[in-house]
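K.L.:
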Amino acid sequence: MRKKTFKLVSSDQERFIWLEGVINRQTAGEFIKQLTKLNNDGSDPIFLYVSGPGGLLDSCLDMIIAINNSKSKVLCVAHGEVASSSFVLTQAATIGFRLAIAGTKFKFHRALYKYKLAVSIKAGTSISQEDYLDRLKILTKFDGVILAMFFLKCKPNRRMEIIELQQAEEILSVKRAISLGIMDNYFDKKDFSKDRKIAKALIKQRKSS
394 MRKKTFKLVS
404 SDQERFIWLE
414 GVINRQTAGE
424 FIKQLTKLNN
434 DGSDPIFLYV
444 SGPGGLLDSC
454 LDMIIAINNS
464 KSKVLCVAHG
474 EVASSSFVLT
484 QAATIGFRLA
494 IAGTKFKFHR
504 ALYKYKLAVS
514 IKAGTSISQE
524 DYLDRLKILT
534 KFDGVILAMF
544 FLKCKPNRRM
554 EIIELQQAEE
564 ILSVKRAISL
574 GIMDNYFDKK
584 DFSKDRKIAK
594 ALIKQRKSS
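Residue numbers for the sequence shown follow the working numbering, so the first one is 394 and each next one is one higher.
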């Protein structure tokens, strides 16, 4: 069995979902299942704690659609290192509810194509210019989708700066992200520490079961 590359647990009582690690189809499936359960249990706001290196954009978009369709308001709280699709996921929350712990680092990431092209190069197979151009078109479309997610809620006069930051794959502080309008505010560390303790206990409990 393939080892999980993410940790995802939820607390019914505290109404939060804790996600650490890679976003893939399994992550999205489990996330949607847990979000649905919390929605069925009540309508109070749900806190989504996010940390991770990113992952599959289509899986991230499935999660964003689920958040947009949630009957309970979902607040995204970023912590640790948040890159690529994990960073995009934070934009699912409405303006005013994209929060971060002090010290969080955000990283823009240009889209990657890791599969058939990389395998062909390893195998020593010749690749035509058309193959390269096809991959480039796909990557360009992915980059466009990623930028659109940030453009929807950022400060309009900072869009060109965001394009440049993505192209350079820059690392941003919380303060810089707030100045761009892609984060809204800091989240209270005491509340974060309390929920992190609960999440760690739930993760440990799941491992032992």
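Here a beta-carbon is modelled for each residue, glycine too, at the ideal position from N, C-alpha and C.
1. Would you give the residue range spanned by the alpha helix (DSSP H) that Lys583 belongs to?
2. What would DSSP say about Asn578, mapped onto helix, strand or coil?
3. Does the Cβ-Cβ distance between Phe543 and Ile575 come in under 7 Å?
4. State the start and end residues of the unbroken beta strand (DSSP E) segment that holds Glu563.
5. Please give me, in chain order, every unbroken run of the alpha helix (DSSP H) with length at least 4 that falls completely inside the stretch 446-516.
6. Please check the pair Val467 and Ala493, which I expect to be a contact at CB under 8 Å, by giving their CB distance rounded to whole angstroms.
7. Indicate the three-state DSSP secondary structure (helix, strand or coil) for Lys426 in the structure shown.
8. Please state whether DSSP places Thr398 in a helix, a strand or coil.
9. Provide the residue span of the alpha helix (DSSP H) that contains Leu573, from first to last.
10. Rounded to a whole number of angstroms, what is the C-alpha to C-alpha distance between Asn462 and Glu562?
11. Could you give the C-beta distance for Val443 and Ser479, rounded to a whole number, given that I count them as a contact under 8 Å?
12. As a quick exercise: from Gln419, Lys464, Glu423, Pro446, pick the residue whose alpha carbon is nearest that of Ile439.
13. For Ile425, which residues of its own chain have a beta-carbon under 8 Å away from its beta-carbon, when the five flanking residues on both sides are left out?
14. Does the distance from the C-beta atom of Gly447 to that of Gly414 stay below 7 Å?
15. Taking Asp577 and Gly489 to be in contact with their CB atoms under 8 Å, please state how far apart those CB atoms are, rounded to whole angstroms.
16. Using the Cα positions of Leu449 and Arg491, report the straight-line distance between them to the nearest angstrom.
17. According to DSSP, is Ile414 part of a helix, a strand, or is it coil?
P.N.:
Looking at the coordinates:
1. In the sequence shown, residue 583 corresponds to position 190, counting from 1. Counting along the chain, the alpha helix (DSSP H) containing Lys583 begins and ends at 582-601.
2. Position 185 of the sequence shown, counted from the start, is the residue given in the question as residue 578. In the structure shown, Asn578 sits in a strand (DSSP, three-state: E or B).
3. Here the question's residue 543 lines up with position 150 in the sequence shown. Here the question's residue 575 lines up with position 182 in the sequence shown. Against a cut-off of 7 Å, the Cβ pair of Ile575 and Phe543 comes out as a contact.
4. Against the sequence shown, residue 563 aligns to sequence position 170. Segment: none, Glu563 is in no beta strand (DSSP E) and carries neither H nor E.
5. 450-461, 477-482, 509-516
6. Taking the first residue of the sequence shown as 1, we reach residue 467 at position 74. Taking the first residue of the sequence shown as 1, we reach residue 493 at position 100. 15 Å between Cβ atoms; not a contact.
7. Counted from its first residue, the sequence shown places residue 426 at position 33. Note: Lys426 maps to helix in three-state DSSP.
8. Within the sequence shown, numbered from 1, the residue matching residue 398 stands at position 5. Note: Thr398 maps to coil in three-state DSSP.
9. By one-based count along the sequence shown, residue 573 stands at place 180. Counting along the chain, the alpha helix (DSSP H) containing Leu573 begins and ends at 567-573.
10. Taking the first residue of the sequence shown as 1, we reach residue 462 at position 69. Taking the first residue of the sequence shown as 1, we reach residue 562 at position 169. When rounded, the distance between both Cα atoms is 31 Å.
11. The residue you call residue 443 lines up with position 50 of the sequence shown. The residue you call residue 479 lines up with position 86 of the sequence shown. Indeed, because the Cβ distance is near 6 Å, the residues count as touching under 8 Å.
12. Position 46 of the sequence shown, counting from 1, holds the residue named residue 439. Here the closest residue by C-alpha is Lys464.
13. What you label residue 425 is simply residue 32 of the sequence shown in a count that begins at 1. Asp455, Met456, Ala459.
14. What you label residue 447 is simply residue 54 of the sequence shown in a count that begins at 1. What you label residue 414 is simply residue 21 of the sequence shown in a count that begins at 1. Going by C-beta atoms, Gly447 is not nearer than 7 Å to Gly414.
15. Taking the sequence shown and counting its residues from 1, the one referred to as residue 577 is at position 184. Taking the sequence shown and counting its residues from 1, the one referred to as residue 489 is at position 96. Confirmed, Cβ separation roughly 5 Å.
16. Reading the sequence shown from its first residue, position 56 is the one you call residue 449. Reading the sequence shown from its first residue, position 98 is the one you call residue 491. Going by the C-alpha atoms only, they are around 21 Å apart.
17. Position 21 of the sequence shown holds residue 414. It should be pointed out that residue 414 corresponds to Gly in this sequence rather than to Ile. Strand at Gly414.
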